[in-house]
Amino acid sequence: MTQETISREVVVGIEQGLHARPADLLAREARKWQSRIELVADRQRADGKSILELLTLAAEAGTRLVVEATGPDAREAVDAIGGLFDRNFSEPNSHT
Amino acid sequence: MKFSDFVATDAIRSDVEAGTKPAVIREMAEALVEAGRLPAGELEGIVKAIMKREDLGSTGIGRGVAVPHTKHPSVDRLVGTVAVSRKGIDFESLDGEPVHLFFLLVSPPDRPGDHLRALENISRQLRDDAFCRRLKASNTPADIEHLLEEADSHGVVT
């Protein structure tokens, strides 16, 4: 049970896309958890704990990503990171 | 997007004098002014905007790299430059490491996609240890220019 993998789809709602600040917030959140955390796009995966890797996704507004966590706190980690997307990283929404 | 699409080669610095975060940002912005890529009259406003962005959270993205940036109406296309600090500068990075490699970007307010693709290019190249090592070891702006050209055309040879 300790190596459970949990995943959840999220959508990038930020008008500017997943740029440096949200990538920084995401990596900081991801580093709070023991689980391995990845963000999965169409053609690539990025380590959720690395800003550098997250930026290689170049995820624009509207991009669908999957948050995937494996480890003892996978569920909590996915909830926390999904919450960042749900709250739009406290940035202006692309639809407003 | 390639480095050649946004890096002003005349503004590349291989050995910055600055020892602090505000000083290195100013030195790089001044280099862009000297290269004729930013209007001199906008220098203070641009430096201030970049520092304001840093206040929201450091752009030190780890592995000794920082990407200070801002949007600014004085540019009509993305412009940037590269600088290397031999001694390293405290940039309040996520991993706490001093920063040696700097990529400064100024983009037009209405082009978030270009900014995102420049960040993508920078971060993709920086994942390559050989690229980081050679950038850090560059002795002249011309060395850096050649390294960026190499990365643009086929990736860096170890």
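Protein chains in written order, with my numbering: chain P, 8 to 103; chain U, 27 to 184.
Beta carbons are placed, not taken as given, at the ideal position from N, Cα and C, and that holds for glycine.
Cutoff 8 Å; reference residue i; Cβ partners in own chain excluding five residues on either side
i	result
P/A34	G55, K56, S57, I58, L61
U/M27	D140, R143, A144, E146, N147
P/T63	Q51, A53
Where residue i falls, given that 16 or more other Cβ within 10 Å makes a residue buried
i	result
P/L25	buried
U/S40	buried
P/Q23	buried
P/R94	exposed
U/L161	buried
U/Q151	buried
P/K39	exposed
U/G122	exposed
U/E171	buried
P/D31	buried
U/T46	exposed
U/D49	One point to set straight first is that residue 49 of chain U is Ala, not Asp, in the sequence displayed. Under this definition U/A49 is an exposed residue.
Among the options, nearest to residue i - alpha-carbon criterion
i	options	result
P/G78	P/G20, P/A87, P/Q51, P/Q41	P/Q41
U/D134	U/E60, U/R89, U/H95, U/A37	First, the amino acid is wrong: residue 134 of chain U is Pro here, not Asp. Selected option, being the one with the closest Cα: U/H95.
U/H98	U/F157, U/P65, U/A37, U/L82	U/P65
U/A34	U/T107, U/A156, U/L145, U/M54	U/T107
U/G71	U/S100, U/E171, U/K162, U/R160	U/S100
U/S111	U/D121, U/I38, U/E43, U/D36	U/E43
P/Q10	P/A66, P/V73, P/R82	P/R82
U/I51	U/E80, U/A61, U/G62, U/F32	U/E80
U/A75	U/R159, U/E56, U/V132	U/V132
U/C158	U/K78, U/L120, U/P138, U/A109	U/A109
P/L1	P/E16, P/D31, P/I21	In the structure as shown, chain P starts at 8 and stops at 103, and residue 1 of chain P therefore has no counterpart that could be examined.
U/V91	U/D102, U/R103, U/K78, U/D116	U/D116
U/L104	U/R89, U/A49, U/P138	U/P138
P/D49	P/E36, P/A37, P/V74, P/I13	P/V74
U/D136	U/H180, U/D102, U/K78, U/P48	U/D102
U/R153	U/G88, U/D169, U/N165, U/H180	U/G88
P/A37	P/G89, P/A68, P/L72	P/G89
U/V73	U/A55, U/V59, U/R63, U/L82	U/A55
Contact set between residue i and chain A, taken where Cβ atoms lie within less than 8 Å
i	result
P/Q23	Chain labels in this structure do not include chain A; the protein chains are P and U.
Cβ shell of residue i (< 6 Å), same chain only, five flanking positions each side left out
i	result
U/G114	P124, H126
U/F29	L174, D178
P/R28	none
P/T70	V19
U/E68	S100
P/A76	I13, S42, I44, A84, V85
P/D80	W40, Q41, S42
P/R52	E45
U/E53	V42, A44
Neighbourhood of residue i by C-beta distance below 7 Å, restricted to the same chain and skipping five residues each side
i	result
U/I148	V93, F129
U/E118	S84, G86
U/P167	I38, R39, S40
U/A61	A34, D36, A37
U/R63	A34, A37, V105
U/A57	A37, R39, T107
According to DSSP, residues forming a beta bridge with residue i
i	result
P/R43	P/T77
P/T70	Its beta-bridge partners do not exist; DSSP assigns none.
P/I13	P/A76
U/V33	U/G106
U/R63	Bridge partners of U/R63: none, in fact.
P/D54	P/E45
U/R39	U/A109
Requested in this report: Tell me the start and end of each unbroken alpha helix (DSSP H) in the stretch 81-160 of chain U that is at least 4 residues and wholly inside, in chain order.
Outcome: 138-152
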